[in-house]
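For the sequence shown, my numbering gives the first residue as 594, with consecutive numbering after it. All C-beta atoms, glycine included, are put in the ideal place defined by N, C-alpha and C. Right, one structure below, let's go through it.
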Amino acid sequence: MKSSILVINCGSSSLKFALIDTTTQQAVLTGLAEKLGLEQGQISFKHAGQKDSQALREANHAAAMHAIIARLRELDLLDSVKAVGHRVVHGGEHFKASAVIDDTVIAEIEKCAKLAPLHNPAHLLGIRTAMQQFPGLTQVAVFDTAFHQSMPQQAYLYAVPMQLYREHGVRRYGFHGTSYRFVTGEAARLLNKPLEETAFVCAHLGNGASAAAIKGGKSVDTTMGLTPLEGLVMGTRSGDIDPGIFGYLASELGLDVNGVTDLLNKKSGLLGLSELSSDCRELEDAALAGQPEAILALDIFSYRLAKHIAALTVALGRLDGVLFTGGIGENSSYLRARVIKQLGFLGLQLDEAANEECIRGKAGRITTADSVPALVINTDEELMIALDTAQLAGLSV
């Protein structure tokens, strides 16, 4: 292998990575370091269909990066790394596209940390660690928010004093943009339509979930807002909620703002509704076994998603297709069916057999031939990051 891109997705206690061959655009080596900062930190690798894991003696991001470099050297892949691409959740309004990392870019990412306090500091840690470990290589930041910078003001402004927007950046930013870019391009290809002539609603459904209206390959509206808390019901996040609940819960429970925010981010969503689990697979098993709490949680999840999909079509003016992606979107035929059956008035008719087949990595159309298309598409954010990185590093792909 002559040339590859190392893709880094750094979380506060994790580091996910992939080595992408620029010729084949395939992942050669992937892995995940978990429980960083804890005694039981470990890193797992997957190469040539084989998986293995090892404990990290010092469970921190630097140790994880050292382990990655050691594995690259062991597999004779280290010299193939020509650039490093980093996922960065929040780029604010400053970044409308991916950027080569320098001191100015780092400073701007730091400024956005107040908008994503759980994410951006971790990304910066990963960036600085990678710059130490790969001195001289081009490093690129790929922002989740950049894709949504095409939204019009009527979509991204909140109805609050404009001073809050001008001085504090209070607006809707949106997330999952890298996934949306990949998925809409794939959908246009599968439907044999020029991307610039398409109008899709795409739902990226995982523990974090959002939906977006994408017209001509550009975001025109989305469900997440200033933070990833707004919008759909998620694994542990509430999604849309009456802002008045902050004052009410502060009074009733004796919580401060941070306490209420923690409750809405970590103890709500599917977990809070079901009081069983935040894992969609576990809830589906419980629902199929007749547990009413699980049924209710999934009913609320699917209803809210269907309602948002319908609302997002207003931004499009028409609907060329509904796209499902992310861990839940790609694998939960149960939830997809419940959502599509609520969208019959938009011209969607479920093909039940096709829907049941689209799990465990199989993508395709899940509506009937005479229906508005609904597609399951396996997202590949790592590839999008690698392609952006290669382009900005001047590498051919």
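- Proximity to residue 984 across 658, 955, 856 and 731 peaks at 731, based on C-alpha coordinates.
- As the crow flies, the alpha-carbon of residue 844 is around 50 angstroms from that of residue 781.
- In the DSSP assignment, residue 625 falls outside any alpha helix (DSSP H) and lies within the beta strand (DSSP E) extending over 620 to 627.
- Counting every other CB atom within 10 Å of its CB across the protein chains shown gives residue 880 a total of 16 or more, marking it as buried.
- In terms of Cα proximity to residue 734, the closest of 825, 698, 783 and 745 is 698.
- The residue from 606, 599 and 903 with its alpha-carbon nearest to that of residue 614 is 599.
- When secondary structure is reduced to three states using DSSP, residue 951 falls in the coil class, being assigned neither helix nor strand.
- Residues of the same chain with a CB within less than 7 angstroms of the CB of residue 706, apart from the 5 flanking positions on each side, are 713 and 714 in chain order.
- Counting C-beta atoms within 10 angstroms of its own C-beta, residue 742 has 16 or more neighbours from the protein chains shown and is therefore classed as buried.
- Only exposed fits residue 834, as fewer than 16 other CB atoms lie within 10 angstroms of its CB.
- For the stretch 804 to 843, the full-length beta strand (DSSP E) segments reaching 3 residues or more read 811 to 815 along the chain.
- Distance from the CA of residue 750 to the CA of residue 758, rounded to the nearest whole angstrom, comes to 8 angstroms.
- With a cut-off of 8 angstroms on Cβ pairs, the stretch 887 to 898 is not in contact with the stretch 849 to 861, counting fewer than three such pairs.
- Boundaries of the beta strand (DSSP E) around residue 680: 674 to 681.
- About 15 angstroms separates the beta carbon of residue 718 from that of residue 683, a gap too long to meet the 8 angstroms contact definition.
- Only residues of its own chain outside the window of five on either side were considered, and among them 924 have a CB closer than 7 angstroms to the CB of residue 953, listed in chain order.
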